Amino acid sequence: MGKVNFFVRRTVQLVLTLWAVATVLFVLFRLMPGDPTSYIVSPQMTPEIRQQIIANYGLNDPMWVQYVRYIENLATLDLGRSFKTNEQVAEILATYLPNTLILMLTAFVIAYTIGVTAGVLTGWYRGSDFEKSAVVTALVGRSVPSFWVGILVLWVFGATLGLIPMSGMTAIGTEPSGFWDMVFSVGFLHHLVAPVAVLAFYYMGYPLLIMRNSMLETLSEDFIDICRAKGLTERAIMFRHAARNAMLPVLTAAAIAVGYAIGGSVLIETVFGWPGIGREMIRAVLRRDYPVAQGTFLVLALSVIVMNFIADLLYGVLDPRVTYD
Amino acid sequence: MGENDTGAGMDRRHFLKTTAAGGLAATGAVAGAGSAQETTTGDGQETTQSGGDRAGQLLPQYTYLNNPANYNPARHDAINLIGTQLNKLGLRANVQVFEWGTLYNRVMQEQNFGFTTWNRGLGIDPGRRMPEMFHSSNTSPGEGNFTGYVNKDLDPTLMQQLQTSNTDERVNMLHQIQKTVNRDVPMHPIVQMPNIIAYNNQQVTGWTDHIVGYYHFEPMTNVKVKADHNELRGTWPETLGTMNVLGYNNETKLIHQFEMLYDKLIRINSELEPDPKMSLATEWERPNDQTVRYKIRQDHQWHDGEDVTPEDVKFTLDYIKDSQIPLYSTQHEMYGTDSVSVDGQWVQVNFSEKIGPVHTLFSNQIPIVPKHKWESRSDPANMSIEKPVGSGPLQFDYWDQGSELSLTKYGDHWNTVNFDRRIWRIIPESSTVWSLLKDGTLNYLPFTRIGRQLSQNQKQSQIGVQSTPGDGWWHFSQNTRKPGLDDVAVRQAAVHTIPKTAINEQVLYGFATEGWNLVGESFGKYSNPDVKKYQQQGNGVEVGKERLREAGYTFDSNGKVHFPE
């Protein structure tokens, strides 16, 4: 019963949070300086036609009317049409979001695999040179701007050595026959390597440092001594007992990090010419394309909120000591 | 002045709207003239109207609007440089940075600025935008005469030059306009911007100079590719957005595509002459100033194999009028409903008013679309077009949105291109673009921005750079509604201080030329060589100060300018 109540309560909270975010987005974009009509209409147009276009987009309606219409549309999952291209925002998201997800999730999986493993080892071999170098690498990865690392990688491995493609998801002139055909092509993997490596380098520090701290805590507990007393191998103690128990904070942090990661790939998409949602979001903001900007920001907010929700649920599932009261 | 008082017996308001997209508001003159700013008398004598209430007072502070450094770094730096000079002159010019949308709104809607600068182009016709920019009835918010310049004596000439089909007469009128505007300087060119194309010279040759740019039909059909793939490979920093030729907002990146996907009744060649070899019409005639007839090319097909017919032309003209397509409103408001007719292979258009240079104002502006594809589309401006069908020398291949557009050679065109395919890749990062151009992955930059990278990379052996005078310039515009700037003497003094040489050499790496006339020399005989040149004569600031002293202005101990006593 407690679990059901918790689930319902958190779902209501999730919806309310989304409504609040949607409202803040609506207000913020309209408070921004700059006139969206300056991008919609052209100086070549007559005033009557300008007014007609502005009316078509409902931009001459009172703000509260625009807000009510916006919320109503959101409730029916209608994110509107781009001021700039007249495309459905949902179609724009469908075009660009998969590209971002592939980039981000690949980097994420690699980062967490390496990061968690390295975290276990640094915790186990505390005080060693390995630990010092791993921690320094993790801190550098988190501290150095990822776009700067990306530019360096492009310069060295792309422009100088010619080992990686400089931009995009496919070679110039390669007509994609379909999304999945493209994803499983050698050319795509070749283009994926550099941006994924840079992103993974950035993501990796977080799980590494959390896992290391968690390991240090776990290794100081009594049951580790009991394991040794039982004559278990060091390898078994490290991975089967210590790492498994130390994993809980990493898993819950990972759920939240996934949410943030979608937004975090924005700069990398720009540097590597990756046609993802982040690039479109920047374009929409710069052009005051409210529907697209709101739509993309809502997707990012949704991913963070939902992953937080999942993290909350995971706590209870993974750690029996957590109650829902 | 009555609405028909243009000297030509026509409805000025209507003509202004239709030919120059200037807008309706004749009452706008009131807004523009509100601060007693007629700067010239009927005989052209300059006047200084300080007004008794401000005699001896300090000139107000003026805001000089600047775009952010990352939006256009060169222009950002140039504006800062000019702002410094204006302050040296004794004006209190406060340079403020705004993002582009805000800046544009401040100028066009709020009209709240002292000085402003951005890029302007005249297109293929040097007089088409003159009424929009300088006519007295076009000064209301949102209309084209954002400087608020009022000169009732010039208004008739601004309109008449659009109506006369006699070239010599028109040249004389445009010369007069240039001379007057250049004397009154509500707007002045800082630098004349060239058309520039950077390309990989190991793969691409044969660019033809054209005043509109290297994307134009003529340069694009002349250019040759030497690479094995025989593809012209270019790039753009942002996504294209739409393939709807009737539903876009005149963005350069899309003009580049539609220019080659669709034919136009008349094309203007690099000699600025209508050229039947490039046009959908093989012959044309003008029975009178309100009628034009075109003989449509026979045996030409759309990209899907259907015949291109005169009915397609009539359909296009009627359709954009019936659908009120915003982008072509300037054109479709020139003719009425039922004013387009077909007679065999000929199409006739009857205009509502007299039209002068009909080909530059009308015939080469509208892309002809296929009737069989568009007649069932009820909301053409808002259509999402995935695979456009045109009749131009390039046809649609594929569009991987956000990533790449490919157009292939249409071999059945009467004027084919010399390459097999043109690809545009979206690449936001400019250093990546230059790397790819150098290694031959790309072979031309359709929009080559003037800057340090161009300056440095043009020294590379495989990089070619071709440049030709263009139709545009960076303008230095003054809000003539503001006290002080309503006096021609102050405006002339301000213009004297513009460090054109420094801007061109230091900011634009010498690629541009110093501006001195709104209609530059690239327009040939249309450019008046006798207009006043506001060049720096030794020290432009001192020349400007001298101009102010002549007009009775004084300077205080801090060097700031005061109105005449």
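Residue numbers (UniProt numbering), protein chains in the order written: chain A, 1 to 325; chain B, 1 to 565. Using N, Cα and C, we set each Cβ at its ideal position, and we do this for glycine too. Every value quoted in this text rests on a predicted model; they were computed, and no experiment measured them.
Beta-ladder partner(s) of residue i, from DSSP
i: B/Thr-408; result: B/Gln-395, B/Arg-421
i: B/Trp-236; result: B/Ile-426
i: B/Tyr-64; result: B/Val-95, B/Phe-115
i: B/Gln-301; result: B/Asp-307
i: A/Gln-294; result: BP columns for A/Gln-294 are empty, so no partner.
i: A/Thr-174; result: DSSP lists no partner for A/Thr-174.
i: B/Thr-205; result: B/Lys-224
i: B/Arg-183; result: None; B/Arg-183 has no bridge partner.
Burial state of residue i, where buried means 16 or more other Cβ atoms lie within 10 Å
i: A/Asp-289; result: buried
i: A/Leu-152; result: exposed
i: B/Leu-454; result: buried
i: A/Met-63; result: exposed
i: A/Leu-189; result: exposed
i: B/Ala-29; result: Only weak support is given to the placement of B/Ala-29: the predicted model assigns it a pLDDT of 29, under 50, and the question is left unresolved by the model.
i: B/Thr-513; result: buried
i: B/Ala-21; result: Note that B/Ala-21 scores a pLDDT of 36, beneath 50, so its modelled location is shaky; the value from the coordinates is reported in the next line. That one is buried.
i: B/Lys-500; result: buried
i: B/Glu-386; result: exposed
i: A/Arg-279; result: buried
i: B/Gln-365; result: buried
i: residue 594 of chain B; result: The structure shown does not extend to residue 594 of chain B, since chain B spans only 1 to 565, so no value can be given for it.
i: B/Asn-539; result: exposed
i: A/Arg-9; result: exposed
i: B/Leu-482; result: Reading the sequence as shown, one finds Lys at residue 482 of chain B and not Leu. Classification for B/Lys-482: buried.
i: B/Ile-450; result: buried
Member of the options whose CA lies at the smallest distance from the CA of residue i
i: B/Gln-456; options: B/Met-159, B/Arg-106, B/Phe-511; result: B/Phe-511
i: B/Phe-476; options: B/Ile-503, B/Val-465, B/Lys-459; result: B/Ile-503
i: A/Phe-272; options: B/Val-433, B/Asn-201, B/Asn-415; result: B/Val-433
i: A/Leu-25; options: A/Leu-79, A/Met-169, A/Phe-179; result: A/Leu-79
i: B/Leu-394; options: B/Met-220, B/Gly-121, B/Asn-244; result: B/Met-220
i: B/Gly-206; options: B/Leu-508, B/Phe-146, B/Val-465; result: B/Val-465
i: A/Ser-82; options: B/Asp-439, B/Val-543, B/Thr-242; result: B/Thr-242
i: B/Lys-88; options: B/Glu-542, B/Tyr-553, B/Arg-547; result: B/Glu-542
i: B/Ile-296; options: B/Asn-201, B/Asp-439, B/Gly-344; result: B/Gly-344
i: A/Leu-105; options: A/Leu-318, A/Ile-262, A/Leu-209; result: A/Ile-262
i: B/His-332; options: B/Ser-352, B/Ser-341, B/Val-342, B/Val-347; result: B/Ser-352
i: A/Val-285; options: A/Ser-303, A/Ser-143, A/Val-266, A/Trp-274; result: A/Val-266
i: A/Leu-318; options: A/Ala-257, A/Ala-246, A/Tyr-260; result: A/Ala-246
i: A/Ala-255; options: A/Ser-303, A/Ser-220, A/Val-149; result: A/Ser-303
i: B/Ala-74; options: B/Gln-506, B/Asn-443, B/Thr-441; result: B/Gln-506
i: B/Leu-272; options: B/Thr-167, B/Val-389, B/Ile-427, B/Leu-240; result: B/Thr-167
i: B/Val-519; options: B/Arg-128, B/Ser-406, B/Asp-397; result: B/Arg-128
i: B/Pro-388; options: B/Ser-378, B/Leu-407, B/Gly-402, B/Ser-376; result: B/Leu-407
i: A/Val-89; options: A/Thr-296, A/Val-4, A/Glu-175; result: A/Thr-296
Coarse secondary structure for residue i, derived from DSSP in three states
i: B/Thr-40; result: Interpretation of B/Thr-40 is limited by its pLDDT of 41, a score under 50 that renders its predicted location unreliable; no figure is taken from the coordinates.
i: B/Phe-555; result: strand
i: B/Asn-504; result: helix
i: A/Met-32; result: coil
i: B/Phe-476; result: strand
i: A/Gly-264; result: helix
i: B/Asp-153; result: coil
i: A/Ile-305; result: helix
i: A/Asn-213; result: helix
i: B/Gln-45; result: Its pLDDT being 39, under 50, B/Gln-45 is placed unreliably by the model, and nothing is read from it.
i: B/Gln-348; result: strand
i: B/Met-193; result: strand
i: B/Leu-58; result: strand
i: A/Trp-274; result: coil
i: B/Pro-287; result: strand
i: B/Lys-459; result: coil
i: B/Tyr-248; result: coil
### Query
Pairing CB atoms from the segment 161-174 of chain B with CB atoms from the segment 489-500 of chain B, are three or more of them under 8 Å?
no
### Task
Report yes or no: do three or more beta-carbon pairs, one from the segment 85-104 of chain B and one from the segment 57-67 of chain B, lie closer than 8 Å?
yes
### Query
Would the segment 249-260 of chain A and the segment 309-317 of chain A be scored as touching if the rule is three or more Cβ pairs under 8 Å?
yes
### Query
Should the segment 237-251 of chain B be called in touch with the segment 179-195 of chain B, which here means at least 3 C-beta pairs below 8 Å?
no
### Query
Would the segment 202-216 of chain A and the segment 116-133 of chain A be scored as touching if the rule is three or more Cβ pairs under 8 Å?
yes
### Query
Touching or not, the segment 131-145 of chain A and the segment 196-211 of chain A, by the rule of three or more beta carbon pairs under 8 Å?
yes
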